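Residue numbers (this note's numbering): 7 to 537.
We treat Cβ as the ideally placed atom computed from N, Cα and C, and that holds for glycine.
In this text, all values refer to a predicted model and were calculated from it rather than measured experimentally.
Working notes for the structure below.
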């Protein structure tokens with residue numbers, strides 16, 4: 007019997023130790039420290055329970071009693087109940103931590119409730135038959151309470167995971183939830199079997215701690231294999247754009263703007279010149295990719311939703327762990343962040359400022375560029391002054407006396423592909439966009455026919471107080487309407503645009519049906535010409 011007890015105890019401690027090792031690995035790699043820390047606590051409690059479980063049954067003779075046996079038994083039930091409770095808490099925090107723990111009082115209440123349940127179960131270990139050394143522990147009521155409360159926790163875990171699978175369509179989250187569901191079902195079924203065997207007086211081998219190890223393994227695989235955060239740097243297609251934003255390595259910039267625009271334009275230019283970028287934003291990733299022509303750049307979303315690369319606004323410290331992972335080993339990373347006002351509503355501006363300073367130090371010390379977009383009207387004067395002191399103002403290369411009003415991208419057939427204007431609303435009396443495109447094409451064709459040689463192309467003309475500059479490619483015509491003095495760089499800018507547009511959309515343009523849905527993304531490329 008002693009040899010069996012020693013083997014069972016060794017297996018129980020070994021499996022629980024492995025489960026704790028997996029939890030520590032998750033804590034090291036996963037940026038959500040509240041959830042990962044709860045996972046570590048749960049597995050630590052499982053290990054403590056393993057240390058005492060077989061010791062209580064076999065380490066002491068069934069004829070021995072006394073305070074040591076009594077308190078050891080109570081401690082076993084206490085930590086066992088905590089292990090199950092914190093496992094359920096981990097699942098809840100991982101998937102719905104933002105909604106549940108927006109206030110610190112929620113975490114305090116959770117710990118109090120879990121502790122109270124554990125104390126209740128431990129208190130049900132009462133004094134039983136007396137021996138010469140003292141009373142033996144009576145654990146019948148404690149076992150029943152442990153089984154009932156553990157079943158309740160298991161139902162909560164299944165409900166949490168089931169709700170996630172039902173409501174969330176993110177493929178990464180669904181894979182994670184499915185793996186965790188398997189782990190919970192296996193361990194839950196094992197626990198119910200174990201409880202039944204104990205009820206009929208048997209003391210089975212340590213398959214309960216083995217199933218806990220299996221559950222911990224499924225949790226770890228779900229988190230580490232199907233990572234909720236992927237900040238791998240992804241380069242964009244290089245384009246030889248003239249430089250409009252004189253960004254310098256190792257600097258931090260501030261863009262005061264009502265909506266994020268210049269900050270993302272600056273990042274877009276940098277990544278097209280060979281750097282790698284990271285965007286942190288409240289805006290939807292799809293909108294950022296379309297509006298700023300960033301199809302590959304890594305994006306972190308600030309949101310309360312559950313999904314891959316989504317950072318809850320209550321946990322800005324997660325950014326302090328993710329950004330270093332992104333900049334590591336990069337020659338000149340560029341990080342652009344907007345949503346300062348959004349973060350401040352949850353954690354307060356002092357905490358957000360602390361995060362901004364930390365990110366600035368991380369990025370600039372790595373030789374990168376950090377850009378922050380802020381709506382000055384949403385901050386008080388003191389906070390705005392603090393930002394202006396710590397960051398340089400983001401500036402655009404001087405184009406004094408030159409303003410682009412409209413950009414027309416026209417198919418070689420004469421049909422309008424897209425139009426971008428400085429004004430969001432059409433100006434009173436302004437011609438229809440399609441009519442304007444047709445007019446420009448007609449003027450170009452008339453000029454070509456009027457010249458003796460086909461090589462003569464109309465490059466521009468005056469239109470009242472405005473001027474129209476035209477560049478023609480094989481498949482695309484680009485027309486820029488501007489006022490003021492023409493800078494020398496605009497021609498290079500237009501040629502780079504046409505070259506990239508025809509390279510990116512060439513096959514589509516060859517068989518274009520006239521639907522703008524076929525050339526989604528070309529409008530985002532025009533926005534740079536309006537800067």
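Same chain only: Cβ atoms within 7 Å of residue i, ignoring 5 sequence neighbours per side
i, result
"residue 224", "185, 186, 188, 189"
"residue 193", "217, 218, 220, 221"
"residue 528", "415, 423, 424, 507, 511"
"residue 262", "380, 382"
"residue 178", "232, 234, 314"
"residue 257", "370, 375, 398"
"residue 280", "244"
"residue 52", "22, 25, 89, 215, 218"
"residue 153", "201"
"residue 530", "296, 297, 298, 299"
"residue 479", "504, 508"
"residue 58", "78, 81, 82"
"residue 384", "347"
"residue 316", "307, 309"
Contacts around residue i, its chain only, beta-carbon distance under 8 Å, and the 5 residues preceding and following it disregarded
i, result
"residue 277", "241, 242, 283, 300, 303, 340"
"residue 526", "296"
"residue 84", "124, 125, 127, 128"
"residue 151", "126, 127, 130"
"residue 492", "408, 473, 475"
C-alpha distance - residue i paired with residue j, whole-angstrom precision
i, j, result
"residue 321", "residue 334", "22 Å"
"residue 126", "residue 337", "58 Å"
"residue 86", "residue 289", "44 Å"
"residue 297", "residue 160", "45 Å"
"residue 156", "residue 42", "21 Å"
"residue 264", "residue 345", "11 Å"
"residue 196", "residue 309", "37 Å"
"residue 452", "residue 273", "With a pLDDT of only 47 at residue 452, under 50, the local geometry of the prediction cannot be trusted, and no value is derived from it."
"residue 267", "residue 377", "11 Å"
"residue 81", "residue 75", "10 Å"
"residue 246", "residue 271", "15 Å"
"residue 30", "residue 40", "13 Å"
"residue 408", "residue 350", "38 Å"
"residue 307", "residue 171", "21 Å"
"residue 119", "residue 386", "41 Å"
"residue 28", "residue 481", "57 Å"
"residue 426", "residue 115", "54 Å"
"residue 402", "residue 503", "19 Å"
"residue 227", "residue 46", "15 Å"
"residue 199", "residue 363", "54 Å"
"residue 103", "residue 420", "55 Å"
"residue 524", "residue 417", "13 Å"
"residue 520", "residue 413", "19 Å"
Cross-strand partners of residue i (DSSP beta bridge)
i, result
"residue 259", "377, 398"
"residue 469", "472"
"residue 427", "412"
"residue 342", "285, 377"
"residue 485", "414, 476"
"residue 490", "408"
"residue 422", "416"
CB-CB length for residue i against residue j, believed under 8 Å
i, j, result
"residue 500", "residue 515", "Wrong, their Cβ atoms sit about 17 Å apart, outside the cutoff."
"residue 166", "residue 95", "Not really, about 10 Å apart at Cβ, beyond 8 Å."
"residue 343", "residue 294", "Actually they are not in contact, since the Cβ atoms of residue 343 and residue 294 sit about 12 Å apart, beyond 8 Å."
"residue 312", "residue 117", "In fact, because the Cβ distance is near 23 Å, the residues do not count as touching under 8 Å."
"residue 361", "residue 326", "6 Å"
"residue 92", "residue 56", "Between residue 56 and residue 92 the Cβ distance is about 15 Å, and since that is not below 8 Å, they are no contact."
6 Å Cβ shell around residue i - same chain, five flanking residues per side excluded
i, result
"residue 472", "487, 489"
"residue 98", "166"
"residue 147", "130"
"residue 237", "304, 328, 331, 332"
"residue 229", "32, 36"
"residue 428", "411, 536"
"residue 251", "272, 275"
"residue 163", "94, 97, 190"
"residue 8", "Note that residue 8 scores a pLDDT of 45, beneath 50, so its modelled location is shaky; the value from the coordinates is reported in the next line. Closer than 6 Å at the Cβ level, and outside the excluded window around residue 8, lies no residue."
(request) Output the residue ranges of the beta strand (DSSP E) runs that lie fully inside the segment 290-340 and measure 3 residues or longer, sorted by chain position. (result) The beta strand (DSSP E) runs lying completely inside the segment 290-340 and spanning 3 residues or more are 304-308, given in chain order.
(request) May I have a chain-ordered list of the alpha helix (DSSP H) segments no shorter than 4 residues that lie completely inside the segment 185-244? (result) Counting only runs of 4 or more, we get 213-231.
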